[in-house]
Amino acid sequence: MLKVSSRTPDSNTRDFQLGDLSFSERVIYWTIVLTPLWWLLGIQTLLYPAIAVYLLVINFDLDKVIRLSIPACVWAWLAMALVMMWTATFGLSSVGFGFRETAGIAVTFLKSYFLIFACLILPFWERIRVRVVTRAVAWMTTGYLVTIAIEMVMLVLRIGQAGFLPPLTRLLPGDKLSLRVTFANMLIEAGDSPMTDRI
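If you use the numbering used here, the sequence shown closes out at 199, no skipped numbers anywhere.
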């Protein structure tokens, strides 16, 4: 006799489970989830490339480089980035810029071009599942929603309108204006008023 049961395995529930995370997945997961914290501390500029370099070092295997077929576009990106760094460093040195300005080029290379290269090549060397990154981004978004809610309260109470520069940004060479944490402001200057522009 055929027995019909309404309790069927939920494939969506099984797909939602992450299972055992590899070390690299765990590091990437918590790095993404805690993004609002890194933003408030002002260390996100160096933290992300530092973690990428760390994961590259611990997962580097010469046999993987030789055996695995990595797309040529990944190596082309690395070559382009190295040429950019060399030409920028040579150009700044030739016009008399000091060590601090030249070091800023290295930081720019590390936090942008090399970070992209690390993100491109790491999945070929270590298991990094899309579902892990997706779950982390979802929790990061939740953290940002909480941050926005706090900022809305600060906006009504007019707290922290001047913003602040995280103390850890002092470790970075070059311009730090982009790292300044600013909050919403309800004040409108007279010169910025749209009604003033029409008069």
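In this text, a Cβ means the ideal position worked out from N, Cα and C, and glycines have one as well. Note that this is a predicted model, so its numbers are computed, not measured.
Going by C-alpha positions, Arg-127 is about 25 Å away from Ala-79. The three-state reading of DSSP puts Val-181 in strand, counting E and B together.
For Phe-97, the three-state secondary structure derived from DSSP is coil.
Per DSSP, the unbroken alpha helix (DSSP H) holding Lys-64 starts and ends at 62 to 67. Beta-bridge annotation (DSSP): Phe-164 is paired with Val-181. For Ala-81 against Phe-117, the beta-carbon gap comes to about 6 Å, under 8 Å, which counts as contact. If you draw a straight line from the Cα of Met-154 to the Cα of Leu-145, it is about 14 Å long.
Check the Cα spacing between Ile-32 and each of Phe-90, Ala-103, Arg-135, Asp-20: the tightest is with Arg-135. Contact holds between the region 136 to 143 and the region 33 to 43, because three or more Cβ pairs, one in each stretch, are under 8 Å apart. Annotation: the continuous alpha helix (DSSP H) that includes Glu-25 extends over 23 to 33. Beyond the five residues adjoining it in sequence on each side, Thr-89 comes within less than 7 Å, by CB distance, of Thr-102, Ile-105 in the same chain, given in chain order. If you draw a straight line from the Cα of Gln-44 to the Cα of Leu-92, it is about 26 Å long.
With at least 16 other beta carbons inside 10 angstroms of its own, Pro-49 counts as buried.
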